[in-house]
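To start, the structure under review is shown below, and the notes come after it.
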């Protein structure tokens, strides 16, 4: 501890303004504050501060994602060996996991290296501190893409989402759309073949074909995985989205720590369940299919792109749930409704807030007038 | 009339170093100071020169825009120096105490026999007027205005705040007289805010007025929160607020005809080896607190006021005009390896559930923390705004109000409640903010802008 502090203090002048590597001071600051809690003390206002900061909040989300990531690795291996044919014998647990690990890790590395690289560069150019928002986005992106995606494609998507989705608005906290979903949307519309075609396992199974199958043939259930498999996650799909069990573990962490809003999760679930009654697919299938559960827990609840008002969160969540199912049922062109529903509601989040705030102001003014 | 308000939202920060219930013999210092910086939106105009002799109650400076608002000396002695800061801004007027304890005599009578105008003049002349704070904006009351009501919060819920029941136990006469005076200025509309924990034997239970009781964590004791629940104010409505301290000084003036600002001050904080109460006057030099030794190994921040809203005055500083608390906090210059990633960090307090220490308040006295002044993270943009609402028992959308201020949007500021809140009411939001946004400072900028625009 003391040793690291000494080293940091020794090399600090080199990176300070005016030092030899002064142009890298944001990068240095980022690493320094990553390693050591900064020694800055309060100036104006409150003299004491809570020890919770954004780094802590972000790391909690990353921890909540770990079950999904680990299961995703195992499932990738499993699906690989299963794809060899029904007769092939499955290897042991570790071999399956190891295979998946080797497939998933490059995605994670590419996502972090490209994303953080851009974040650092932008912070450097602006002379800002590096925001930690990408810690979460960088983990989310590999979890919502098919494992077979070419790495260059992933890198392009990450660059797009960080630059166009976030930095042009001013960085973490200023963006309109969830950056991770934007990366996925980018891939989805730019390289649809890779995202939904026969080249890869489609997202969950809520692709157009099974959906059509379900409505056209009564016996579709045979061609589809069982509800139990979808709930546990032993199905092909994007890396981290398949296991509802692991997602629920993550949700428990997020709700317990208060990092994500349970209101959004509950209302999203309720909205989807009620709309699911319209028919087509049974309600309980909607909730475990595709990216619904993952999006509901990790994407819709992004505090930056969701409404800031508590009442607004109920509307927002419910509308995401409703829209997802509507897109799934009535728009077979786009198989996965969750991504589009969330991005659309991200766009409308400020509008929802606007109306909630208007009601709030009206109520306040009334009360003040009554007391005048 | 007695209404009870149950406030649920808020936070009692479990800070170590609450004042023990021991009152030391009166503490005096050789040097006292009047700080115009204790008052917001006052342009000080000096009325004395270096070397002038003053008595307790002699005018030292006044407000340039309202010369009738005077600020008077708390002690008798000679003006030693006039301290100016940047751009010759008047920062302090230092007075050397002559130890004679002489008071200027004011012609005070029973308030019922005096006209309201006479009472106002006496308050202005004696220097008691600046104790009266007006809402909106939380600034010194204007002498010409008549308030809708007067609010007095009879308990302090801030971290390590003095127990006002204890501090004012012997001031019953003065408090009652103060109320009689205020009654003359604003008939029948003196609101007293009591805590549900105020003891039944407390002096505040025996005061006359419209009594409201509040239960719940900090900031239940803030007048702003109490006004918000009892009778919220909007544009063109003026409410005055007073602290029991101001009330007792006004009472003393009408009882004895002197300006006696002697108060019981809580000396608190995790850095102190012993805590307690002292009797002293405002402007007391911090060097006079030798009876309260503190940790010498680390740096210590001496705060006049409470840890959320007080002023960092330093070892050579002086007790503020409105303050009844002095807090000693360790400076947080130490660094912690990967602090944000450590799972437990049991020595640090957080109200957020990302740390287990949020459970500490359940432990009562054993779960107290020695918080230091480290910001515990760097400043960021707004990300998590849900938490603000959880520590503010008021119908105010904090993040919208703060963003309106940042955008300098006057209409929005009005709508979101800039008239109702002053920085101290949002201090807890600043405390819990994971983005480390200086909410109190931003709100103050908004208030400054409103005052400028509304003139």
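Chains as they are written, first to last, in the working numbering: chain C, 1 to 372; chain E, 373 to 827.
Backbone N, C-alpha and C define an ideal beta-carbon position, used for all residues, glycine too.
#1: Which residues share a DSSP beta bridge with residue 684 of chain E?
#2: Going straight from the alpha carbon of residue 740 of chain E to that of residue 705 of chain E, what length do you get?
#3: Could you tell me if residue 277 of chain C is buried or exposed, where buried requires 16 or more neighbouring beta carbons within 10 angstroms of its beta carbon?
#4: Using the DSSP secondary-structure output, state which residues sit across from residue 469 of chain E in a beta bridge.
#5: Could you give the residue range of the alpha helix (DSSP H) that holds residue 567 of chain E?
#6: Which residues, in chain order, does the region 25-55 of chain C contribute to contact with chain E at a C-beta distance below 7 Å?
#7: Can you tell which of E:697, E:690 and E:661 has the C-alpha that lies nearest to the C-alpha of residue 678 of chain E?
#8: Is there contact between the region 417-432 of chain E and the region 461-476 of chain E, where contact requires at least three CB pairs shorter than 8 Å?
#9: Using a Cβ-Cβ cut-off of 7 Å (strictly less than) and excluding sequence neighbours within five positions of residue 7 of chain C, which residues of its own chain qualify?
#10: Where does the unbroken beta strand (DSSP E) through residue 417 of chain E begin, and where does it stop?
#11: Residue 234 of chain C: which of C:57, C:81, C:193 and C:323 sits nearest, CA to CA?
#12: Measure from the C-beta of residue 755 of chain E to each C-beta in chain C and report whether the shortest distance is under 8 Å.
#13: So, is the C-beta of residue 727 of chain E closer than 8 Å to a C-beta in chain C?
#14: Let me make sure I understand the geometry here. Which of C:34, C:61, C:78 and C:44 has the alpha-carbon closest to that of residue 236 of chain C?
#15: What's the C-alpha gap between residue 180 of chain C and residue 137 of chain C?
#16: How many whole angstroms separate the CB atoms of residue 110 of chain C and residue 155 of chain C, which I take to be in contact at a CB cut-off of 8 Å?
#17: Among C:241, C:297 and C:356, which residue has its Cα nearest to the Cα of residue 254 of chain C?
#18: Which bits of chain E does residue 364 of chain C rub up against, with CB to CB less than 8 Å?
#19: What ranges does the alpha helix (DSSP H) occupy inside the region 20-54 of chain C, keeping only unbroken runs of at least 4 residues that lie completely in it?
#20: Below 7 Å on C-beta distance, what does residue 345 of chain C contact in chain E?
#21: Does the region 509-517 of chain E come within contact of the region 457-466 of chain E, defined as at least 3 CB pairs closer than 8 Å?
#22: What does residue 368 of chain C touch in chain E if you count any residue whose Cβ is under 8 Å from its own?
#23: Mind pulling the chain E residues with CB within less than 8 Å of residue 360 of chain C?
#24: Quick one: what's residue 521 of chain E bridged to in DSSP?
#25: Just confirm the distance between the C-beta atoms of residue 300 of chain C and residue 342 of chain C, as a whole number of angstroms; I'd bet it's less than 8 Å.
#26: Check whether the region 605-621 of chain E and the region 549-557 of chain E are in contact - that is, three or more C-beta pairs closer than 8 Å.
#27: Thinking just about the alpha-carbon of each residue, which of C:68, C:118 and C:193 is nearest to the one in residue 247 of chain C?
#28: For the region 297-331 of chain C, enumerate the residues whose C-beta is nearer than 8 Å to any C-beta of chain E, in chain order.
#29: Tell me the DSSP secondary structure of residue 763 of chain E in three-state form.
#30: In chain order, which continuous runs of the beta strand (DSSP E) of length 3 or greater are located wholly inside the region 628-654 of chain E?
#31: Check whether the Cβ of residue 357 of chain C lies closer than 8 Å to any Cβ atom in chain E.
#32: Any beta carbon from chain C within less than 8 Å of residue 675 of chain E's own beta carbon?
#33: When you compare each of C:28, C:242 and C:257 to residue 147 of chain C by their alpha carbons, which one comes out closest?
#34: Please report the distance separating the alpha-carbon of residue 222 of chain C from that of residue 251 of chain C.
#35: What is the DSSP secondary structure of residue 659 of chain E, reduced to helix, strand or coil?
#36: Skipping 5 residues on each side, what residues in its chain have a beta carbon closer than 8 Å to that of residue 53 of chain C?
Reading off the structure:
#1: E:675
#2: 21 Å
#3: exposed
#4: E:449
#5: Run containing residue 567 of chain E: none in the alpha helix (DSSP H); it sits in the beta strand (DSSP E), 562-567.
#6: 33, 35, 36, 37, 38, 39, 40, 41, 42, 44, 45, 46, 47, 48, 49, 50, 51, 52, 53, 54 and 55
#7: E:697
#8: yes
#9: none
#10: 416-418
#11: C:81
#12: yes
#13: yes
#14: C:78
#15: 5 Å
#16: 5 Å
#17: C:297
#18: 604, 767, 787 and 789
#19: 25-35
#20: None at all; the shortest Cβ gap to chain E is about 18 Å.
#21: no
#22: 604, 605, 606 and 609
#23: 767 and 769
#24: E:611
#25: 5 Å
#26: yes
#27: C:68
#28: 303, 304, 308, 309 and 310
#29: coil
#30: 635-640 and 648-652
#31: yes
#32: yes
#33: C:242
#34: Because residue 222 of chain C sits at a pLDDT of 47, beneath the cut-off of 50, its placement in the model cannot be relied upon, and the following sentence gives the value as read from the coordinates. So the alpha carbons of these two residues sit roughly 31 Å apart.
#35: helix
#36: none
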